[in-house]
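Read top to bottom, the protein sequences are chains R and W. Going by my numbering, the letters in the first sequence line up with residues 177 to 312, in that order. Going by my numbering, the letters in the second sequence line up with residues 737 to 870, in that order. Yeah, the Cβ is synthetic: ideal placement off N, Cα and C, and Gly gets one too. Small disclaimer: the values here were computed from a predicted structure and weren't measured.
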Amino acid sequence: MTAKNIRLSILLAGLAAAGTALAQVGHPAKGSWSGYWGPGETDQRRMLLLLNWEDNRIGGTINPGRNSVAIDRAALDASDWNLTIEADMPADGNAGGTVRFVATGKLENLGSWTNRRYSGTYRLGDETGTISLSLN
Amino acid sequence: MKLKLIISIAFAAASVTAPHAFAHHSFAAEFDADSPIELAGVVTKVDWTNPHTYIYIDVETERGDYEQWGIEMGSPNGLMRRGWTRNSLAIGDEVSVSGTRARDGSLKGNARTVVLASGERLFAGSSQTADDEE
């Protein structure tokens with residue numbers, strides 16, 4: 177095999193691989209996240225969070241499905257990767273109404289496909305606690 | 737000269753496609769036909785990839801915590817032939833899966849059938865069926 181053909185092989189392999197390499201994952205918050213949130217270690221609830229990036233804004237749903245809650249405000253500060261999510265959650269009990277949910281946390285391991293995390297704290301009405309989610 | 741050029745192109749193509757080829761595997765190598773599983777959970781992720789489609793579901797345990805299972809199904813084309821569409825599964829859907837557990841005991845399974853949130857029951861293009869037919 178001549179040097180010319182070796183160079184050609186490398187070029188072709190590079191071009192073929194470029195299609196994969198150029199695949200974009202989009203906004204760093206976009207995707208399906210799941211994990212736990214709660215006021216204490218022994219009082220944790222499961223959360224599935226679906227975030228989208230559309231029309232230059234972050235939107236999405238908390239616990240998509242039968243008990244879904246629409247996110248009505250989400251903001252990402254790209255200087256420190258702090259992500260704030262706000263929504264009106266249904267109040268516990270039969271009284272009805274909603275309680276304001278505000279989570280503030282940091283996106284971590286942004287270069288990872290398998291271990292991207294969002295962790296921080298939240299306030300749900302008078303309740304405060306921690307939230308820790310991983311990108312699915 | 738032409739032969740060398742063809743060999744070069746073939747080598748380049750093979751080196752790029754080899755990882756995809758290795759992703760395909762025998763059912764018996766990874767899953768234990770004697771370990772059936774019945775799971776019900778919430779869909780957290782769907783990967784329409786070749787040679788296998790994967791869905792991931794959160795399954796609540798008796799302890800009250802959650803396990804995240806990865807479920808292998810047939811290829812996207814194979815699933816389409818069995819009645820699946822790209823809208824059959826959405827994040828947050830509650831589904832039931834019947835299939836076979838991974839040999840290594842991990843939270844991974846190979847699905848035979850999936851009952852969708854709509855109640856529709858679909859075959860999942862299990863590679864066990866393909867192995868049995870060989």
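Rounded straight-line distance, which links the Cα of residue j to that of residue i
{"i": "R:Asp231", "j": "R:Ala246", "result": "16 Å"}
{"i": "R:Asp264", "j": "R:Ala250", "result": "13 Å"}
{"i": "W:Ser762", "j": "W:Gln864", "result": "8 Å"}
{"i": "R:Thr304", "j": "W:Trp805", "result": "30 Å"}
{"i": "R:Tyr298", "j": "R:Tyr212", "result": "12 Å"}
{"i": "R:Asn181", "j": "R:Ala189", "result": "12 Å"}
{"i": "R:Gly207", "j": "W:Ile807", "result": "19 Å"}
{"i": "W:Tyr792", "j": "R:Thr178", "result": "48 Å"}
{"i": "W:Glu869", "j": "W:Gly814", "result": "Reliability fails at W:Glu869, whose pLDDT of 49 lies under 50, so the model's placement of it is uncertain and the value that follows must be treated cautiously. About 15 Å."}
{"i": "R:Gly296", "j": "R:Asp268", "result": "23 Å"}
{"i": "W:Arg857", "j": "W:Arg818", "result": "10 Å"}
{"i": "W:Asp801", "j": "W:Ile743", "result": "55 Å"}
CB contact check: residue i to chain W, cutoff 8 Å
{"i": "R:Pro240", "result": "yes"}
{"i": "R:Arg222", "result": "yes"}
{"i": "R:Asn285", "result": "no"}
{"i": "R:Asn291", "result": "no"}
{"i": "R:Leu252", "result": "no"}
Element boundaries [alpha helix (DSSP H), containing residue i]
{"i": "W:Glu766", "result": "Phe763 to Glu766"}
{"i": "W:Leu815", "result": "Pro812 to Arg817"}
Proximity of residue i and residue j at Cβ, strictly below 8 Å
{"i": "W:Ile827", "j": "W:Val795", "result": "no"}
{"i": "R:Leu300", "j": "R:Leu225", "result": "no"}
{"i": "R:Met322", "j": "R:Ser210", "result": "Any property of residue 322 of chain R remains undetermined from this structure, which presents chain R solely from 177 to 312."}
{"i": "R:Leu227", "j": "R:Ala205", "result": "yes"}
{"i": "W:Thr789", "j": "W:Ser811", "result": "yes"}
{"i": "W:Thr836", "j": "W:Asp768", "result": "yes"}
For residue j and residue i, believed in contact at Cβ under 8 Å, the rounded distance
{"i": "W:Ser834", "j": "W:Glu774", "result": "6 Å"}
{"i": "R:Tyr294", "j": "R:Gly273", "result": "Contact flag wrong, Cβ pair sits at about 27 Å."}
{"i": "W:Ser832", "j": "W:Ala776", "result": "5 Å"}
Extent of the continuous beta strand (DSSP E) to which residue i belongs
{"i": "R:Asn228", "result": "Asp219 to Glu230"}
{"i": "R:Ala246", "result": "Val245 to Asp253"}
{"i": "W:Leu825", "result": "Taken as a continuous stretch (DSSP letters only), W:Leu825 belongs to no beta strand (DSSP E), as it is neither H nor E."}
{"i": "R:Lys206", "result": "Careful: R:Lys206 lies outside any beta strand (DSSP E) and carries neither H nor E."}
{"i": "R:Thr280", "result": "Thr274 to Glu284"}
{"i": "W:Gly845", "result": "Lys844 to Val851"}
Test: residue i CB closer than 8 Å to a CB of chain R
{"i": "W:Lys738", "result": "no"}
{"i": "W:Ile793", "result": "no"}
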